[in-house]
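Enquirer:
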Amino acid sequence: MYKNNRKNIAGTFKLSVLAIMSSFLLSPLPGFAQQSNETQQLSDVQQIVAVVNDSPISLYDLKQRVLLFMMSSGARQFTQQEQQYFNQQALQSLVDDKLKTQEADKYKTVISKQEQEQSFASYAQQMRVTASQLEQQLGQVGIRKESMLLQIEASLAWEQIVGGLLMPQVSISDEEIYSILDRMTTNKGQEEYHPLEIFLLVSENDQREDSRTAAHRIVEQLKDKASFQQMARQFSQSTTSAVGGDLGWLMKSQLSMEIVTALEAMEIGQISDPIETEDGFYILQLAGKRQILTPNEIDARVDLQHMFFEISDKAESDEVAALEKIVTAAAAKIENCENLEEQGKALGAKETGSLGNLAISELPKNMHQTLLDLEIGHATKPLKEENGYRVFVVCDRKDPEIRLPDYDSVEGSLSQQRVGLIARRHLRDLRRDAIIDYK
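Numbering (my numbering), first residue to last: 734 to 1172.
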């Protein structure tokens, strides 16, 4: 099936996914998936579902990516229609990864095993687990660590293509930079926004309805409590996917009218409906809103540590209450951040560690006032989680400084916006020119 038969390819794609995966859909899946035995895995590896410029994608690859998508959505059970949706998105994701790594290979880009492992560990840290714990969690739902490393490799390779091949095409003039700085001064007190994005690229108009359906399905998952940043890493086709879709702080003048209109109507934490543009569909979450060059106490930054006290999922309610009482008493004894790991061990914490330096505005809203009022070196009251209680310790806090961003940061922000657009178009061109055979 060749590139001049795009409509036939799209039709074949839909039919082949349903046919190939029908047995997988109807299999009993405890949690997300049932571990395949070695014979089944070998069969899956040998069965090819697509070929991208002579590079095959196996049924095994597809099953693994589907499981990663399901895990990212945070839900535990799926209808057959929802599983079909995950299948389609997973196959498109694998095709894009092939195109990205092939483009990287063309320019002799190599991603080392160490870089992949570092990125894996970084992702685990964002999930508040260790790398080994994340690997264990993946294994429990049938995902091999190597499958996630392959996805990471494609992402890192694309970052190098974007930085090395596409970024030099971006030109930012002094006039543009000083114009933004002038506008910030002029617009002091007006609102600026901190959005997160998931972007679904439409490379062919006959794929627009499929992308629209996918966008609405992602919104449903997000409103059903799926993590926006995890979904962005898995589904977004923007360069911001590597940072969970984070666009940073932007003035209205830096955004398109469709995006501004959506953000103006949103509350902090709210998820937008899909926003259609010429290039594709945006899904937004409003992470923050503030007045330009105007101090806001929740922009104070804190050095935050945490302790986690685990409880068995078989514990009775009186045991849970007893643990809460013990943790509350233990947290009240913390008066400084010296040797906090040793303090945690002495108090019976399963995990103790640093969350880094964070703006209070980046943390859940129900924690804001607590962290503002808390004395340095002291701990919060225990917060209930699924498997226990967590306390946070503020080791330092600095009030927000209100000042114009410097020349370099404005240039960097503009460059990222421009290169993001170029990268989307480059991926769209790679899709258009590829020879893709869906089996």
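No residue lacks a Cβ here, since even glycine has one placed at the ideal position from N, Cα and C.
From Gly1173 to Asp830, what does the alpha carbon distance come to, in whole angstroms?
Expert: In this structure the chain extends from 734 to 1172, so residue 1173 is not present and cannot be described.
Enquirer: By the 10 Å Cβ neighbour count, where 16 or more other Cβ atoms means buried, how is Glu804 classified, buried or exposed?
Expert: Before going further, note that residue 804 is Met rather than Glu in the sequence given. Label assigned to Met804: buried.
Enquirer: Contact defined as beta carbons within less than 8 Å: I believe Ser1121 pairs with Phe1042. What is the distance between those atoms, to the nearest angstrom?
Expert: The sequence given here places Gly at residue 1121; Ser does not occur at that position. Going by Cβ atoms, the distance from Gly1121 to Phe1042 rounds to 5 Å, so yes, they are a contact pair.
Enquirer: For Ile781, which beta-bridge partners are listed by DSSP?
Expert: Ser791
Enquirer: With DSSP as the reference, label Thr919 as helix, strand or coil.
Expert: helix
Enquirer: Considering Cα atoms alone, identify which of Ala1156, Thr812, Gln1149 and Tyr1171 is closest to Leu980.
Expert: Gln1149
Enquirer: Count Cβ pairs between the segment 781-792 and the segment 822-838 that sit closer than 8 Å; are there 3 or more?
Expert: yes
Enquirer: Going by DSSP, what residue range makes up the beta strand (DSSP E) through Thr946?
Expert: Where Thr946 is concerned, there is no enclosing beta strand (DSSP E), although the alpha helix (DSSP H) it sits in stretches over Arg941 to Lys956.
Enquirer: For a minimum of 4 consecutive residues, which ranges assigned as the alpha helix (DSSP H) are wholly contained in the segment 1052-1082?
Expert: Taken in chain order, the whole alpha helix (DSSP H) runs of length 4 or more contained in the segment 1052-1082 are 1073-1080.
Enquirer: With a cut-off of 8 Å on the beta carbons, I'd call Leu800 and Ile876 a contact; round off their distance for me.
Expert: 5 Å
Enquirer: The alpha helix (DSSP H) that contains Gln970, what's its start and end?
Expert: Element bounds for Gln970: n/a, residue is neither H nor E.
Enquirer: With three or more C-beta pairs closer than 8 Å as the rule, is the segment 1085-1096 touching the segment 1034-1041?
Expert: yes
Enquirer: Where does Ser1087 fall in DSSP's three states?
Expert: strand
Enquirer: Do Met917 and Leu1147 have their C-beta atoms within less than 9 Å of each other?
Expert: no
Enquirer: From what residue to what residue does the beta strand (DSSP E) around His1159 run?
Expert: Segment Tyr1140 to Asp1166 is the alpha helix (DSSP H) holding His1159; no beta strand (DSSP E) there.
Enquirer: State yes or no: is the C-beta of Glu930 within less than 9 Å of the C-beta of Thr994?
Expert: no
Enquirer: On the DSSP letters alone, give me the boundaries of the alpha helix (DSSP H) that Glu815 sits inside.
Expert: Gln813 to Lys839
Enquirer: If we count Cβ pairs, one from each stretch, closer than 8 Å, do we get three or more for the segment 992-1007 versus the segment 1042-1053?
Expert: By the C-beta criterion, the segment 992-1007 is judged not to be in contact with the segment 1042-1053, since fewer than 3 inter-stretch pairs fall below 8 Å.
Enquirer: Should Ile1135 and Pro1028 be called a contact, given that it needs their Cβ atoms to be closer than 9 Å?
Expert: The answer is yes: Cβ separation under 9 Å.
Enquirer: The beta strand (DSSP E) that contains Lys1131, what's its start and end?
Expert: Gly1121 to Lys1131
Enquirer: For Gly922, count neighbouring Cβ atoms within 10 angstroms of its own Cβ and tell me buried if that reaches 16, exposed if not.
Expert: exposed
Enquirer: When you compare the CB positions of Leu1192 and Phe853, do they come within less than 9 Å of one another, or not?
Expert: Residue 1192 cannot be examined here, being either before or after the span of the chain that is shown, 734 to 1172.
Enquirer: Can you tell me which of Leu983, Val952 and Trp982 puts its alpha carbon nearest to the alpha carbon of Phe968?
Expert: Val952
Enquirer: If Val1127 sits next to Leu1096, beta carbons under 8 Å apart, how far is it from one beta carbon to the other, in whole angstroms?
Expert: No, Val1127 and Leu1096 are not in contact; Cβ-Cβ is about 11 Å, not under 8 Å.
Enquirer: Starting from Leu867, trace the alpha helix (DSSP H) in both directions and tell me its first and last residue.
Expert: Ala864 to Gln873
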